[in-house]
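Peer 1:
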DNA sequence: GCATTTAGATGACTAAGTCAAGTATATGGG
DNA sequence: CCCATATACTTGACTTAGTCATCTAAATGC
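Residue numbers (this note's numbering), protein chains in the order written: chain S, 3 to 153; chain Z, 3 to 153.
1) Let me see if you follow: with CB-CB separation under 8 angstroms, is residue 120 of chain Z close to chain S or not?
2) Taking only the alpha-carbon atoms, compute the straight-line gap between residue 111 of chain S and residue 140 of chain S and give it to the nearest angstrom.
3) Do residue 33 of chain Z and residue 115 of chain Z have their beta-carbon atoms positioned less than 8 angstroms apart in this structure?
4) Could you give the first and the last residue of the continuous beta strand (DSSP E) run that contains residue 100 of chain S?
5) So, is residue 29 of chain S buried or exposed, given that buried needs 16 or more other C-beta atoms within 10 angstroms?
6) For residue 54 of chain S, which three-state DSSP category applies?
7) Assuming the contact rule is C-beta atoms closer than 8 angstroms, residue 12 of chain Z and residue 131 of chain S should be a hit. Round their C-beta distance to whole Å, please.
8) So, with DSSP's three-state summary, where would you put residue 128 of chain Z?
9) Evaluate residue 43 of chain Z with the Cβ neighbour count: other Cβ atoms within 10 Å of its Cβ, from every protein chain shown; 16 or more gives buried, anything less gives exposed.
10) 8 angstroms is my cut-off, CB to CB: does residue 23 of chain S come that close to chain Z?
11) Counting only beta-carbon atoms, is residue 16 of chain Z nearer than 8 angstroms to chain S?
12) In chain S, which residues lie with their C-beta within 8 angstroms of the C-beta of residue 144 of chain Z?
13) Quick test of the definition: if touching needs 3 or more C-beta pairs under 8 angstroms, does the region 93-111 of chain S touch the region 47-60 of chain S?
14) Give me the chain Z residues within the contact set of residue 30 of chain S, using Cβ-Cβ distance strictly less than 8 angstroms, ordered along the chain.
15) Since residue 15 of chain Z and residue 138 of chain S are thought to touch, with beta carbons under 8 angstroms apart, how far apart are those beta carbons, to the nearest angstrom?
16) Below 8 angstroms on the Cβ atoms is my guess for residue 104 of chain Z versus residue 84 of chain Z; work out the distance and round it to an integer in Å.
17) Measuring straight from C-alpha to C-alpha, what distance separates residue 69 of chain Z and residue 81 of chain Z?
18) Below 8 angstroms CB to CB, which residues in the same chain sit around residue 89 of chain S once its five sequence neighbours on both sides are set aside?
19) Beta carbon of residue 20 of chain S, beta carbon of residue 27 of chain Z: below 8 angstroms?
20) In the structure shown, what three-state DSSP assignment does residue 84 of chain Z receive?
21) Within the 8 angstroms Cβ cut-off, does residue 115 of chain Z reach chain S?
22) Quick check: what's the CA-CA separation for residue 118 of chain S versus residue 18 of chain Z?
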């Protein structure tokens, strides 16, 4: 009889966390309000910087819609942050890369966000910070494992 | 010398988790795509159901803009899910409550989301589920404490 | 009683995300 | 080699989410 109960409590706990973190990430988004870039743009720059070389790679990594991504990329190209050149092996694709401007833009956004995160962590005692980091890593590992199984 | 290094690693770890969870919550949002309600609407219904009786209460609980909330509430009132009656002690406010329809709508959305969460948890071994729930609770406690200090 | 806050509404806008349909290229049989 | 099908990306049209400035009206604090 307590099996069902426990499962319900687990479900409730996960949903509570999701509600909580939805709010946290809402706050986080405002980090970008005093830079000229949006969260979406920075996420794309991040993926290109970290190895994504086609729109397809980015769409998979970020789990975003191809239409949305196509527009984000066009904007970034127009702004001169990303370079797009025809792929050698696949005529449908482009090879994406950051321009010097793109790297600089990413670095500034990156610093801005690091500073923001730092200011949150700075208010916590070292022990709490470590616990936080550990708990986050734990969640990621557990949920990623679940994800792999799906494939 | 390792003090600085450790801080940087912590910052990186927290940001990694934020990126990860941004994606997770993106997936979660789609839960509502086969109900007639949006995440925003369900969040508001949730708050009213759990004690919020004015727009002000909801805005604080969800950390959303008053303008956005005002529109969400109008929509919910128009749809007959929320009742708004003038407050007795403050002429600027309304007393909010769920209508029968509102309660039913909330319950359906709630079940839908619980089922979704359940199906994720069901794929994990019991031990992992417990770890996940513990880690989530830990993060919430640590971050809430940080939040209180700010006030 | 008047200046200041606070609650909420409204207009105008940007960002984020979705869906359907279209173009062009790739690819795996038959 | 040809064709069906799948994949990569684009475009149009739309919804949802969120922000900012401004406004009205009521509350509150000297």
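The beta-carbon is built from N, C-alpha and C at its ideal position, and this holds for glycine as well. On a predicted model such as this, the values are computed, not experimentally measured, just so you know.
Peer 2: Well, looking at it:
1) Position 118 of the second chain, counting from 1, holds the residue named residue 120 of chain Z. Yes, its Cβ sits closer than 8 angstroms to a Cβ of chain S.
2) Your numbering for residue 111 of chain S matches position 109 in the first chain. Your numbering for residue 140 of chain S matches position 138 in the first chain. Going by the C-alpha atoms only, they are around 27 angstroms apart.
3) Stepping through the second chain from its first residue, residue 115 of chain Z is reached at position 113. Stepping through the second chain from its first residue, residue 33 of chain Z is reached at position 31. Between residue 115 of chain Z and residue 33 of chain Z, the CB-CB gap stays under 8 angstroms.
4) Walking along the first chain from the start, residue 100 of chain S turns up at place 98. If you look at residue 100 of chain S, you'll find it in the beta strand (DSSP E) that goes 96-100.
5) For the purposes of this step, residue 29 of chain S is identified with residue 27 of the first chain, where counting begins at 1. Counting C-beta atoms within 10 angstroms of its own C-beta, residue 29 of chain S has fewer than 16 neighbours from the protein chains shown and is therefore classed as exposed.
6) Here residue 54 of chain S corresponds to residue number 52 of the first chain, with the count starting at 1. Coil, per DSSP.
7) Reading the second chain from its first residue, position 10 is the one you call residue 12 of chain Z. Reading the first chain from its first residue, position 129 is the one you call residue 131 of chain S. Beta-carbon to beta-carbon, residue 12 of chain Z and residue 131 of chain S are separated by about 5 angstroms, close enough to satisfy the 8 angstroms threshold.
8) Translated into positions along the second chain, residue 128 of chain Z becomes position 126. Looking at residue 128 of chain Z - three-state DSSP - the assignment turns out to be helix.
9) Taking the second chain and counting its residues from 1, the one referred to as residue 43 of chain Z is at position 41. Around the Cβ of residue 43 of chain Z, a 10 Å sphere holds 16 or more other Cβ atoms; the residue is buried.
10) Along the first chain, read from residue 1 onward, the residue named residue 23 of chain S stands at position 21. Taking Cβ atoms only, chain Z reaches closer than 8 angstroms to residue 23 of chain S, which makes this a yes.
11) Taking the second chain and counting its residues from 1, the one referred to as residue 16 of chain Z is at position 14. At least one chain S Cβ lies under 8 angstroms of residue 16 of chain Z.
12) In the second chain, the residue the question calls residue 144 of chain Z occupies position 142. By Cβ distance, chain S contributes 126, 130, 133, 134 and 137.
13) Cβ pair count under 8 angstroms is three or more, so yes.
14) Position 28 of the first chain, counted from the first residue, corresponds to residue 30 of chain S. Ordered by position in chain Z, the residues that pass the 8 angstroms Cβ test against residue 30 of chain S are 20.
15) On the second chain, position 13 is the one that residue 15 of chain Z refers to. On the first chain, position 136 is the one that residue 138 of chain S refers to. The beta carbons of residue 15 of chain Z and residue 138 of chain S sit about 6 angstroms from each other, so the pair counts as a contact at 8 angstroms.
16) On the second chain, position 102 is the one that residue 104 of chain Z refers to. On the second chain, position 82 is the one that residue 84 of chain Z refers to. 5 angstroms between Cβ atoms; contact.
17) One-based indexing of the second chain puts residue 69 of chain Z at position 67. One-based indexing of the second chain puts residue 81 of chain Z at position 79. Taking the Cα positions, residue 69 of chain Z is about 19 angstroms away from residue 81 of chain Z.
18) Counting from 1 along the first chain, the entry for residue 89 of chain S is found at position 87. Answer for residue 89 of chain S: 56, 95, 96 and 97, listed in chain order.
19) For this step, residue 20 of chain S is matched to residue 18 along the first chain. For this step, residue 27 of chain Z is matched to residue 25 along the second chain. Yes, the Cβ-Cβ distance between residue 20 of chain S and residue 27 of chain Z is below 8 angstroms.
20) Position 82 of the second chain, counted from the start, is the residue given in the question as residue 84 of chain Z. DSSP places residue 84 of chain Z within a strand segment (E or B) once states are collapsed to three.
21) Mapped onto the second chain, residue 115 of chain Z falls at position 113. Yes, its Cβ sits closer than 8 angstroms to a Cβ of chain S.
22) Indexing the first chain from 1 puts residue 118 of chain S at position 116. Indexing the second chain from 1 puts residue 18 of chain Z at position 16. Using only the alpha carbons, I get a separation of about 14 angstroms.
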